[in-house]
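Here the structure comes first, spelled out in structure tokens, and everything after it is commentary.
Numbering (the numbering used here), first residue to last: 15 to 356.
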């Protein structure tokens, strides 16, 4: 039986294909930014595919359906974020100006709080902790400023990504046929099933991610508004945006929020922590398992594994797309190894 397997798969063509694949993977590791841009465009195109199919069923051509869908998505994003930018622009400016004062207030609160004994303060370098939080926030602000300075390059990348996404949608059939030509004829049906499974799973990533971010942002914003905290909308938005980076993002959002409310006293700080805990528990125990399980069918441990791997080799962008990358890898392992093993 083993000899038959070797004769069937260990052919000259398959060996050449494997060698080319290894060389190709080594090559794309050297153009990581471009690969991530294409992968991100592929993920967005897959997430919009159900809308394109629905329009095609109403006698639209794929080209027209793709243009309408992508244009509608762009208009929706602009309509959603433009009011936030216009309304929150002044809040962001005032918050950035007042932020150093919030840090000083937090220091005073910690040193005078009856909840923290002097013996504990002696063991904790409060100034160092606050400085670290301040440095992290300053780094985030600096990165934002750098993005603003390189707005021209960012705009070009955005336009290119939109064009790539359009072609992934409009020329889906052509791209699929070209992709299948790289495989031997006896493997093409299997390869087609694999790419269809990957498209279906990574397409759900965008919807799942937006849903989880929105759940945290809404709970935090409503809770902070009920407490009449200054910059409630801005802090809720920060919590939602930072949530895109698992583990680290929510921690940074909590630090920024606590610094902003430290003047309001111990009761408000305690209630903010409770609201933040409720938001995280609701997301991690109800929203995230449901939406990620439904759209990606991935165990949280797998997502965390790829989170750390992507963080090490791809940076922040890799962390953002870690669940989609995990879904792709799981499909490949399942189809190429586990099914053959079974």
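Even glycine gets a Cβ: it sits at the ideal position worked out from N, Cα and C.
query                                                                                                             : result
Same chain, Cβ closer than 8 Å to residue 190, neighbours up to 5 away in sequence not counted                    : 206 and 209
Anticipated Cβ contact below 8 Å, residue 321 with residue 336, distance rounded                                  : 5 Å
CB of residue 232 within 9 Å of CB of residue 250, strictly                                                       : yes
Pair within 9 Å by beta-carbon distance, residue 226 and residue 286                                              : no
DSSP-derived helix/strand/coil call for residue 73                                                                : coil
Validate contact between the region 55 to 64 and the region 210 to 222 using beta carbons, cut 8 Å, 3 pairs       : yes
Opening and closing residue of the alpha helix (DSSP H) in which residue 329 lies                                 : 314 to 334
Extent of the continuous alpha helix (DSSP H) to which residue 44 belongs                                         : Residue 44 -> no alpha helix (DSSP H), and no H or E assigned at all.
Alpha-carbon spacing of residue 195 relative to residue 34, whole angstroms                                       : 14 Å
Alpha-carbon spacing of residue 311 relative to residue 220, whole angstroms                                      : 14 Å
Selected residue, minimal CA-CA separation from residue 313, among 341, 292 and 51                                : 341
Same chain only: Cβ atoms within 8 Å of residue 137, ignoring 5 sequence neighbours per side                      : A caution first: residue 137 carries a pLDDT of 47, below 50, which makes its placement in the model too unreliable to give a value.
Nearest-angstrom Cα separation, counted from residue 30 out to residue 197                                        : 11 Å
Three CB pairs or more closer than 8 Å across the region 325 to 334 and the region 46 to 54                       : yes
Cutoff 9 Å: residue 197 Cβ touching any chain C Cβ                                                                : In the structure shown, chain C does not exist; there is a single protein chain.
Three-state secondary structure assigned by DSSP to residue 258                                                   : coil
Cβ contact check for the region 234 to 250 and the region 80 to 90: 3 or more pairs under 8 Å                     : no
Residue burial classification, residue 254 (beta-carbon count within 10 angstroms, cutoff 16)                     : buried
Distance between beta carbons of residue 301 and residue 229, contact taken as under 8 Å                          : 5 Å
Same chain, Cβ closer than 6 Å to residue 268, five either side skipped, listed in chain order                    : 290
Option nearest residue 64 by Cα separation, candidates 93, 183 and 234                                            : 183
Whole-angstrom distance between residue 347 and residue 32, CA atom to CA atom                                    : 16 Å
Outcome for residue 94 when other beta-carbon atoms lying within 10 angstroms are tallied against a minimum of 16 : exposed
Buried versus exposed, by CB contacts within 10 Å (16 or more), residue 239                                       : exposed
CA nearest to the CA of residue 319, picked from 62, 260 and 298                                                  : 260
Minimum C-alpha distance to residue 188 - residue among 76, 309 and 343                                           : 76
8 Å contact criterion, which residue 82 and residue 62 should meet: CB distance rounded                           : Not a contact, Cβ separation roughly 10 Å.
Whether residue 91 touches residue 80 by CB criterion (9 Å)                                                       : no
Spatial distance of residue 234 from residue 293 (CA atoms)                                                       : 7 Å
Residue of 37, 345, 176 and 308 minimising C-alpha distance to residue 223                                        : 308
Cβ-based burial, residue 129 [other Cβ within 10 Å; buried from 16]                                               : Because the pLDDT at residue 129 is just 49, under 50, the model does not fix this residue reliably, and the value given afterwards should be weighed accordingly. With fewer than 16 Cβ atoms within 10 Å of its Cβ, residue 129 is classed as exposed.
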